[in-house]
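Asks: In order, the protein sequences belong to chains A and B.
Note that the working numbering has the first sequence beginning at 1, numbered continuously upward.
Note that the working numbering has the second sequence beginning at 1001, numbered continuously upward.
There are 2 protein chains.
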Amino acid sequence: MSSLQRPKGRATRAAILRKAADLASIEGLSGLTIGSLAAATGISKSGLFAHFGSKEDLQLAVIESAREVFEGRVVEAAGAKAPGLARLEGLVEAWTRYIESGVFRGGCFFAAVSAEFDDRPGRVRDRIAELTALWRGFLEEQAAQALARGQLAADSDPGQIAFELHAFLHEANRDFQLHGRVEAFERARGAIRCVFERVTSRSSQSTASGG
Amino acid sequence: MSSLQRPKGRATRAAILRKAADLASIEGLSGLTIGSLAAATGISKSGLFAHFGSKEDLQLAVIESAREVFEGRVVEAAGAKAPGLARLEGLVEAWTRYIESGVFRGGCFFAAVSAEFDDRPGRVRDRIAELTALWRGFLEEQAAQALARGQLAADSDPGQIAFELHAFLHEANRDFQLHGRVEAFERARGAIRCVFERVTSRSSQSTASGG
DNA sequence: CCTACCGATCGGTAGG
DNA sequence: CCTACCGATCGGTAGG
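Rendered as structure tokens:
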């Protein structure tokens, strides 16, 4: 086999990172050791160092790999919907399905690592905080769009809506991971529906017929 | 086991565990190494083994120590209120203050360790799952009491109420720990108020959706 | 991407 | 509760 080393190297790297993200969703980004990743991939420890340089750089690369998965499943899926209420609902439903479908073996990668790193200063924590803020910001942004388009009650608070929706998504993830409660996803969907009903209801209900 | 000991031994043990719980809320129960705890307490590694036998037994002892703190701050505080709606509101407010006041340096101990252990079978995970289920069960129990006493709308779902309240408490904890957002506690209180308004309103207007 | 190796630290033990 | 010690594994390096 005469080989094009560059594309192959990139594919190898991506495969390592996808496996690493799975391991990290279970054991954490600290519990993901170079040795365990070497065993899981069949690549020697020094081979992994050749790819990633250091443990911290590996952790940062794993985060980017998981980011691509999350954005592909959630952000892009909702991008097809019209900005505002429709996209907000699409975002939340895609996010629920992302958790529910068990993309990572240990549940939502970012739920796991944000709890792990929230007290440990450094580049890893900074990047995790940046991404999770960005994504909750998407919820807020679409709520603000919906408000601007008159799709929400005038006294709605986009930040508050994002807080509540985000809370339900994470509660479903925890409930499923820790207690194996599959009904958590329906609980989350019910709670989400309640929020949407509340913020879309006009203050005067006279015109509200089923629709 | 060395738990049947003289008062001084028990006091030493309790002091070690309180420090260990603080460390574990930051570094996790895995990141809490015997060596680091030895350095933090000034007791030798083998001295710690004399107290706790093994790392797993230490982890389990730390969990019980953190349980006492949580129950003292939250469960007992709410026990003064009348069963039903008052106690439910007391429980949620005490829980919010427990997180807000920074009892553990790394935020809510159980939020940290439940994310850490949700995928690792064993006694540690089992105990964490048992306790967190128990406490969310308290919320549900008081919601059921409130319903039985006619303090809630007749179509209220205690399990759903507990799900939503619990979600807000954990969202506030994460928001504060990861992003330093102190306003998260007011967001949580606002969201909680909304739930109480919804479930205590006599006319249950929420199920208006057509289909 | 490999073999061979490093000092530091891990959980844990012997014996007092 | 201590000193002294164990084998295994940690992140990382040398040199190819």
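Even glycine gets a Cβ: it sits at the ideal position worked out from N, Cα and C.
Just so it is clear, the structure is predicted and the values come from calculations on it, not from any experiment.
Going by the CB atoms, is the gap between A/Ala-111 and B/Ala-1115 shorter than 8 Å?
Replies: As a first step, residue 1115 of chain B is located in the second sequence; it is residue number 115 there, counting from the start. As a first step, residue 111 of chain A is located in the first sequence; it is residue number 111 there, counting from the start. Taking 8 Å as the Cβ cut-off, B/Ala-1115 and A/Ala-111 qualify as a contacting pair.
Asks: Please list the terminal residues of the continuous alpha helix (DSSP H) segment that includes B/Phe-1073.
Replies: Taking the first residue of the second sequence as 1, we reach residue 1073 of chain B at position 73. It should be noted that the sequence gives Arg, not Phe, for residue 1073 of chain B. Where B/Arg-1073 is concerned, there is no enclosing alpha helix (DSSP H), given that its DSSP letter is neither H nor E.
Asks: Would you list, in chain order, the members of the region 1022-1033 of chain B that have their beta-carbon closer than 7 Å to a beta-carbon of chain A?
Replies: From the region 1022-1033 of chain B, only Ile-1026, Gly-1028, Ser-1030 and Gly-1031 have a Cβ closer than 7 Å to chain A.
Asks: Taking a Cβ distance cut-off of 7 Å, strictly less, list which residues of the region 115-144 of chain A are near chain B, in chain order.
Replies: For the region 115-144 of chain A, which is checked against every Cβ of chain B, the residues closer than 7 Å are Ala-115, Glu-116, Asp-118, Asp-119, Ala-129, Thr-132 and Ala-133.
Asks: For A/Gln-177, would you say it is in contact with chain B, using Cβ-to-Cβ distances shorter than 8 Å as the test?
Replies: For the purposes of this step, residue 177 of chain A is identified with residue 177 of the first sequence, where counting begins at 1. Yes, A/Gln-177 lies at the interface with chain B (some Cβ there is under 8 Å from its Cβ).
Asks: Quick check on B/Glu-1140: buried or exposed, where buried means 16 or more other Cβ atoms within 10 Å of its Cβ?
Replies: Reading the second sequence from its first residue, position 140 is the one you call residue 1140 of chain B. When all chains shown are included, B/Glu-1140 counts as buried.
Asks: Do B/Ser-1156 and B/Val-1199 have their beta-carbon atoms positioned less than 8 Å apart in this structure?
Replies: Counting from one through the second sequence, the residue named residue 1199 of chain B turns up at place 199. Counting from one through the second sequence, the residue named residue 1156 of chain B turns up at place 156. It is a contact, given that the beta carbons lie within the stated cut-off.
Asks: Would you verify that the beta carbon of A/Glu-171 is, or is not, closer than 8 Å to some beta carbon of chain B?
Replies: By 1-based counting over the first sequence, the position of residue 171 of chain A is 171. Yes, because at least one Cβ of chain B sits closer than 8 Å to the Cβ of A/Glu-171.
Asks: Kindly confirm or deny that the region 1159-1178 of chain B and the region 162-175 of chain A touch, where touching means at least three C-beta pairs closer than 8 Å.
Replies: Yes, they touch.
Asks: Quick check on the DSSP output: the alpha helix (DSSP H) that includes B/Leu-1178 runs from which residue to which?
Replies: Taking the second sequence and counting its residues from 1, the one referred to as residue 1178 of chain B is at position 178. Residues 1158-1179.
Asks: With respect to the alpha helix (DSSP H) encompassing B/Cys-1194, which residues constitute its N-terminal and C-terminal limits?
Replies: Walking along the second sequence from the start, residue 1194 of chain B turns up at place 194. B/Cys-1194 -> alpha helix (DSSP H) spans 1184-1200.
Asks: So with CB distances below 8 Å, who are the chain B contacts of A/Arg-174?
Replies: Here residue 174 of chain A refers to the residue found at position 174 of the first sequence. Neighbours of A/Arg-174 on chain B, chain order: Ser-1114, Ala-1115, Asp-1118 and His-1170.
Asks: From B/Phe-1070 to B/Val-1062, what does the alpha carbon distance come to, in whole angstroms?
Replies: Indexing the second sequence from 1 puts residue 1070 of chain B at position 70. Indexing the second sequence from 1 puts residue 1062 of chain B at position 62. Answer to the nearest angstrom: the Cα atoms are 12 Å apart.
Asks: Should A/Glu-27 be labelled buried (16 or more other beta-carbon atoms within 10 Å of its own) or exposed?
Replies: For the purposes of this step, residue 27 of chain A is taken as the residue at position 27 of the first sequence. Buried.
Asks: Report the CB separation of A/Ala-153 from A/Ser-201 in whole angstroms; it is logged as a contact under 8 Å.
Replies: Residue mapping note: residue 153 of chain A aligns to position 153 of the first sequence, counting from 1. Residue mapping note: residue 201 of chain A aligns to position 201 of the first sequence, counting from 1. The pair is a contact, with the Cβ atoms about 6 Å apart (cut-off 8 Å).
Asks: Going along chain A, which residues have a C-beta under 8 Å from B/Gly-1084?
Replies: Along the second sequence, one-based indexing puts residue 1084 of chain B at 84. Correct list: empty, because the minimum Cβ distance to chain A is about 22 Å.
Asks: I want to verify the contact list: residues of chain B whose CB lies under 7 Å from the CB of A/His-51, in sequence order.
Replies: The sequence position of residue 51 of chain A within the first sequence is 51, counting from 1. Those within 7 Å of A/His-51 in chain B number zero; the least Cβ separation is about 25 Å.
Asks: Using beta-carbon positions only, say whether B/Phe-1104 and B/Ala-1021 come within less than 8 Å of one another.
Replies: Sequence index remark: in the second sequence, residue 1104 of chain B carries index 104 (1-based). Sequence index remark: in the second sequence, residue 1021 of chain B carries index 21 (1-based). Closer than 8 Å, so yes.
Asks: Have a look at B/Gln-1151, B/Glu-1186, B/Gly-1150 and B/Trp-1135 and flag the residue whose alpha-carbon is nearest the alpha-carbon of B/Glu-1068.
Replies: Taking the second sequence and counting its residues from 1, the one referred to as residue 1068 of chain B is at position 68. Here the closest residue by C-alpha is B/Trp-1135.
Asks: Once the 5 residues before and after B/Ser-1036 are set aside, which same chain residues still bring their CB inside 8 Å of it?
Replies: The sequence position of residue 1036 of chain B within the second sequence is 36, counting from 1. Leu-1023 and Glu-1027.
Asks: Using a Cβ cut-off of 8 Å (strictly closer), state whether B/Phe-1196 contacts chain A.
Replies: Taking the second sequence and counting its residues from 1, one reaches residue 1196 of chain B at position 196. False, the Cβ-Cβ gap to chain A never drops below 8 Å.
Asks: Might you give, ordered along the chain, the residues of its own chain that have their beta carbon closer than 6 Å to the beta carbon of A/Ala-148, omitting 5 neighbours on each side?
Replies: Position 148 of the first sequence, counted from the start, is the residue given in the question as residue 148 of chain A. Nothing meets the Cβ criterion.
Asks: Just the Cα atoms here: how many angstroms apart are B/Val-1075 and B/Ile-1192?
Replies: Against the second sequence, residue 1075 of chain B aligns to sequence position 75. Against the second sequence, residue 1192 of chain B aligns to sequence position 192. The alpha-carbon atoms of B/Val-1075 and B/Ile-1192 are separated by roughly 18 Å.
Asks: According to a CB-to-CB cut-off of less than 9 Å, which residues of the region 151-170 of chain A neighbour chain B?
Replies: Those residues of the region 151-170 of chain A that come within reach of chain B (Cβ to Cβ, closer than 9 Å) are Asp-157, Gly-159, Gln-160, Phe-163, Glu-164, His-166, Ala-167, Phe-168, Leu-169 and His-170.
Asks: Give the interface partners of A/Arg-187 over in chain B, defined as CB-CB distance under 7 Å, in chain order.
Replies: On the first sequence, residue 187 of chain A is found 187 positions in, with the first residue counted as 1. Per Cβ cutoff of 7 Å: Gln-1160 and Phe-1163.
Asks: A/Ala-20 versus chain B: which residues are under 9 Å apart at the beta carbon?
Replies: Walking along the first sequence from the start, residue 20 of chain A turns up at place 20. Simply none; closest approach about 15 Å.
Asks: Kindly give me the distance between the Cβ atoms of A/Ser-25 and A/Phe-109, rounded to whole angstroms, as I take these residues to be in contact under 8 Å.
Replies: The residue given as residue 25 of chain A occupies position 25 in the first sequence. The residue given as residue 109 of chain A occupies position 109 in the first sequence. Contact holds; Cβ gap of about 5 Å.
Asks: Should B/Arg-1018 and B/Ser-1065 be called a contact, given that it needs their Cβ atoms to be closer than 8 Å?
Replies: As a first step, residue 1018 of chain B is located in the second sequence; it is residue number 18 there, counting from the start. As a first step, residue 1065 of chain B is located in the second sequence; it is residue number 65 there, counting from the start. Yes, they are a contact pair.
Asks: Report the residue from A/Ile-34, A/Leu-178, A/Gln-151 and A/Gly-79 whose alpha carbon sits nearest the alpha carbon of A/Ala-94.
Replies: For the purposes of this step, residue 94 of chain A is taken as residue 94 along the first sequence, with counting starting at 1. Taking only the C-alpha atoms, the option nearest A/Ala-94 is A/Gly-79.
Asks: Determine, using beta carbons only, whether B/Gly-1084 and B/Gln-1151 come nearer to each other than 8 Å.
Replies: Against the second sequence, residue 1084 of chain B aligns to sequence position 84. Against the second sequence, residue 1151 of chain B aligns to sequence position 151. In contact: B/Gly-1084 and B/Gln-1151 (Cβ atoms closer than 8 Å).
Asks: As an exercise, report each continuous alpha helix (DSSP H) stretch of at least 4 residues that is fully enclosed by the region 25-52 of chain A, in chain order.
Replies: With a minimum length of 4 residues, the continuous alpha helix (DSSP H) runs that stay inside the region 25-52 of chain A are 34-41 and 45-52.
Asks: How should A/Ala-15 be labelled, buried or exposed, when 16 other C-beta atoms within 10 angstroms of its C-beta is the threshold for buried?
Replies: For the purposes of this step, residue 15 of chain A is identified with residue 15 of the first sequence, where counting begins at 1. With fewer than 16 other Cβ atoms within 10 Å, it is exposed.
Asks: Between A/Ala-191 and chain B, is any beta-carbon pair separated by less than 8 Å?
Replies: Mapped onto the first sequence, residue 191 of chain A falls at position 191. By this cut-off, A/Ala-191 is an interface position.
Asks: Can you tell me whether B/Ser-1114 is helix, strand or coil according to DSSP?
Replies: The sequence position of residue 1114 of chain B within the second sequence is 114, counting from 1. Correct three-state label for B/Ser-1114: helix.
Asks: Please list, in chain order, all residues of the same chain as B/Leu-1058 whose beta carbon is under 6 Å from its beta carbon, the five residues on each side excluded.
Replies: As a position in the second sequence, residue 1058 of chain B is number 58, starting the count at 1. Excluding residues within five positions, the ones whose Cβ falls inside 6 Å are Phe-1052.
Asks: Taking B/Ala-1143 as part of the alpha helix (DSSP H), name the residues at either end of that continuous run.
Replies: As a working note, residue 1143 of chain B is residue 143 in the second sequence. Unbroken alpha helix (DSSP H) run through B/Ala-1143: 1123-1148.
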